[in-house]
Amino acid sequence: MQITSPAFKQNARIALKDASLQKALGNLKAGFPVKRAQAVARLPEFDALRDEARDLKNHILENLDIYLEQFENKVVQQGGQVHWCRSSDDACKTILDICKQVDAKTVTKGKSMVSEEINLNDYLEKNGVTPVETDLGEYILQLRGDHPSHIIAPAIHLNLEDVSEAFHQHHHRPKSDDPAVLMREAREVLREQFVAADVGITGANFLVAETGSTLIVTNEGNGDLTQTLPKTHIVVTSIEKVVPTLEDMTLFLRLLARSATGQEFTVYNTLSSGPRRESDQDGPENFHVVLIDNGRSDMLGGELQDMLRCIRCSACMNHCPVYGAVGGHSYGWVYPGPMGSVLTPQMVGIDKAALLPNASTFCGKCESVCPVRIPLPKLMRHWREREFEQHLSPRAVRYGIGGWAFFAKRPRLYRLLSQASNLALRLLGGKKGLIHRLPLGAGWTDGRDMPAPSGKTFMQQWQAKQQAQQKQQQSPQEQQS
Amino acid sequence: MPNAERSPQVALFVTCLVDMFRPEIGFASISLLQQAGCSVEVPERQTCCGQPAFNSGDRASTQDIARQTIEAFDGYEYVVGPSGSCIGMLHHYPELFEATDPWHARAQDLKARAFEISSFLVDVLQFRGIQSEFDGQISYHDSCAGLRELGIKTQPRALLSQVVGLQLSEMDESETCCGFGGTFCVKYPDISNRMVENKTANTAASGAGTLVGGDLGCLLNMAGKLKRQGHEIQTRHLVEILAGTCDLAAIGESEARKPTRATASPYDLAKQL
Chain A
1 MQITSPAFKQ NARIALKDAS LQKALGNLKA GFPVKRAQAV ARLPEFDALR
51 DEARDLKNHI LENLDIYLEQ FENKVVQQGG QVHWCRSSDD ACKTILDICK
101 QVDAKTVTKG KSMVSEEINL NDYLEKNGVT PVETDLGEYI LQLRGDHPSH
151 IIAPAIHLNL EDVSEAFHQH HHRPKSDDPA VLMREAREVL REQFVAADVG
201 ITGANFLVAE TGSTLIVTNE GNGDLTQTLP KTHIVVTSIE KVVPTLEDMT
251 LFLRLLARSA TGQEFTVYNT LSSGPRRESD QDGPENFHVV LIDNGRSDML
301 GGELQDMLRC IRCSACMNHC PVYGAVGGHS YGWVYPGPMG SVLTPQMVGI
351 DKAALLPNAS TFCGKCESVC PVRIPLPKLM RHWREREFEQ HLSPRAVRYG
401 IGGWAFFAKR PRLYRLLSQA SNLALRLLGG KKGLIHRLPL GAGWTDGRDM
451 PAPSGKTFMQ QWQAKQQAQQ KQQQSPQEQQ S
Chain B
1 MPNAERSPQV ALFVTCLVDM FRPEIGFASI SLLQQAGCSV EVPERQTCCG
51 QPAFNSGDRA STQDIARQTI EAFDGYEYVV GPSGSCIGML HHYPELFEAT
101 DPWHARAQDL KARAFEISSF LVDVLQFRGI QSEFDGQISY HDSCAGLREL
151 GIKTQPRALL SQVVGLQLSE MDESETCCGF GGTFCVKYPD ISNRMVENKT
201 ANTAASGAGT LVGGDLGCLL NMAGKLKRQG HEIQTRHLVE ILAGTCDLAA
251 IGESEARKPT RATASPYDLA KQL
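So the protein lines, in turn, are chains A and B.
In this text, residue positions in the first sequence follow the UniProt record's numbering: the first is 1, and each later residue adds one.
In this text, residue positions in the second sequence follow the UniProt record's numbering: the first is 1, and each later residue adds one.
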């Protein structure tokens, strides 16, 4: 996937003018946040669970090596294999090798953002293996040659008409605008793919160290068919997803569903623990876990470690007014919204992604809804500091802030600067007290007026009052003496 | 002074925007604090809280400005400001310094003394003596930093409920950012503009004639948009309503073109002529 994060501003401008996208984003805003709020209201201990989840994740991250090794040992004991992959390339090669070993022609895929992160579909296709997305949203995107714009509702940027058109073109059936008909159509087409696939690839929401299990949650059941029908099941996942026990996993599941969709529990919670055993009725013959680092271990022990607590619920983007205005594609890479603005600079480089952590008013809504209490504004600020240190910030910002700070450190000069600016703005405002066009401030006045100062600065007026009072107090004394 | 020993000693943190754009807010703050029995001073060495540098990633400048602000407010019992955003910034100061740095302790000390004005009046002083009248409906915008960094939500409403004649008409999404965000509004003007459009639409839908908030940055942004869109809605800072200074022109309006109230009687008009 091409990274368009450096063009965030242009992307955003286009997105703001895209009526169909804006309609879709309106649906998002009216959906997930409302449902989350209702779900949270029904669970009085929700905030206590968030504290518990934050603490547990911190404990896991401090002992990550131990839990990952425990997980690997269990997987191997159960007849599976774990492949440790440092980079996207390593992971793609590993997955292709497994596909080649079983002479795979087609693979079905459950929704996996990690597979998007490593750009797996393109890689498989280039090497003669056809991936078929089975999550309805992902399937629609694949038909359209599109990418997810949201981490749990990948096709949230589309409207019904878009889906109807894509199905009509690719399924060669009569066009329908009935969601139920479209759903049935997708099921019929995908059912054949499930049966024909040689390999099934899923992601994982959690890896359980004590049992060597991987877990996926879906609302469609496509994950179950992806991992039980083909002979080979590959789990593509990343190192921070491990949890110690099944019970720990349930803590996160309670938070995940409520934070994501406002459900009390996701419809399908499917555990995979190694390949099929003799007594099992179904399941794959081969079970592989591809465990990806891709920059995550570099975040351990540093300021960004908190980000590794993320359970990919999407609450931060669902509540973000910037995401709500411009949609996920504007961010220009796999992970959008506040969590993406922290992760993307780590994974693609701050030189390419600096506009993302800047695209926040620091309103703090994201942090206030995060189920594992990630201080997202603080982490975005971390990136702004790296950007500033590396002289990547635009010159206007560097010199502007530098010049202004020079004055702010010197109270007397600052006073003079304030007075001069105050006077200039008052002159611009004229009698109306309103500035329609501000030189060097078009960013403000293109879309709104700027109220002009209502009079001299507070400090000027305050000092004048103080002096007048002193004079009043002094004059009777003078008369007496 | 009789109760000099017991009157809280408050240093007013004016904030840059109030200093430069709307001194009325500073004077209304002083008036309110005095009504609540405080003795108020305005330390001369104060400048800016340093937030523009902090949020632009310029940590070195932020530290310098923080040290200068800590010194400016040394020795005052309380530091009170009419802005959740700027007071919130003072609360960030400790994280600028290593725990072993002496400035860290001084920053902690300032943080413990620094309050946004509605929170100071309600939470610290338990003040219930607002003496103000307001004839009409207002809607209150919860500015982000005050709301989420300092927990300011009920305090302004508790104070507004004491204003005689005032009716509060809550807007949808009162807790959603207006799109100001300091430098954000000039760095990402298109997005900022969309966000403030949502805000003015919600404000207009509330039916209120006056939009009230606790942070001048947000108020300048929203007032600017309301004016550009041609709304009649007035915009004011919370303390202006509480101190009863609404006879002065609202934000983005001027004495010279103060709109004549539709309800004005012929007698009023005659007086104006």
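Backbone N, C-alpha and C define an ideal beta-carbon position, used for all residues, glycine too.
No experiment lies behind these values; they were computed from the predicted model shown.
By the Cβ criterion, the region 228 to 236 of chain B is in contact with the region 206 to 213 of chain B, since at least three pairs of Cβ atoms, one from each stretch, lie closer than 8 Å.
THR200(B) is not bridged by DSSP to any residue.
Judged by pairs of C-beta atoms under 8 Å, the region 2 to 18 of chain A touches the region 349 to 356 of chain A, as three or more such pairs exist.
Among the bridge pairs identified by DSSP, TYR140(B) is matched with VAL212(B). Note on geometry: alpha-carbon atoms of ILE239(A) and ASP293(A) lie some 6 Å from one another. Shown here, HIS83(A) sits in a strand according to DSSP, grouped into three states.
As summarised for the UniProt domain "Cysteine-rich" (10 to 90) of chain B, the continuous alpha helix (DSSP H) elements at least 4 residues long and confined to that stretch are 16 to 21, 23 to 35, 51 to 55 and 59 to 72, given in chain order. LEU21(A) is outside the set of residues whose beta carbon lies under 9 Å from a beta carbon in chain B. SER213(A) sits in a strand when the DSSP states are folded into three classes. The straight-line gap separating the alpha-carbon atoms of SER56(B) and LEU423(A) is approximately 27 Å. In the three-state reduction of the DSSP assignment, PHE134(B) falls in the strand class, which pools E and B. Proximity of chain A to CYS48(B) at the Cβ level (cut-off 7 Å) is accounted for by ALA408, in chain order.
For ILE401(A), the nearest CB of chain B lies under 9 Å from its own CB, placing it at the interface with that chain. Close to chain A, meaning a Cβ-Cβ distance shorter than 7 Å, are the following residues of the region 20 to 42 of chain B: MET20, PHE21, ARG22, PRO23, GLU24, GLY26 and VAL42. Taking the Cα of ALA396(A) as reference, the smallest distance to any Cα among VAL132(A), GLY441(A), VAL217(A) and LEU64(A) is reached at GLY441(A).
The beta carbon of GLU138(A) is closer than 6 Å to those of LYS111 and PRO154 in its chain, skipping five residues each way along the sequence. Beta-bridge analysis with DSSP links GLN126(B) to no other residue. The DSSP-derived three-state label of PHE115(B) is strand. Using a Cβ distance threshold of 9 Å, PRO179(A) and LEU158(A) do not count as a contacting pair. A straight-line Cα-Cα distance of about 19 Å links THR218(A) and GLU188(A). Per DSSP, the beta bridge partners of THR202(A) are VAL235(A).
Residue contact check for THR203(B) against chain A: no CB pair falls below 9 Å. Interface with chain A (9 Å Cβ-Cβ cutoff): GLU170(B) is excluded. Sorting ARG415(A), PRO321(A), GLY223(A) and ARG398(A) by C-alpha distance to the C-alpha of CYS144(B) places PRO321(A) at the top.
At a cut-off of 9 Å between C-beta atoms, TRP383(A) counts as an interface residue with respect to chain B.
Rounded to whole angstroms, the separation of the alpha carbons of LEU141(A) and ARG173(A) is 18 Å. Among the CB atoms of chain B, one or more fall inside 9 Å of the CB of THR457(A). In the DSSP assignment, SER272(A) forms a beta bridge with THR214(A). Rounded to the nearest angstrom, the gap between the Cα atoms of LEU413(A) and ASP64(B) is 15 Å. Under DSSP, the beta-bridge partners assigned to LYS109(A) are GLU133(A) and ILE201(A). Around GLY181(B), the beta-carbon contacts reaching into chain A at under 8 Å are SER360, THR361, PHE362 and CYS363. If you draw a straight line from the Cα of PHE73(B) to the Cα of GLN137(B), it is about 38 Å long. In the three-state reduction of the DSSP assignment, VAL369(A) falls in the helix class, which pools H, G and I.
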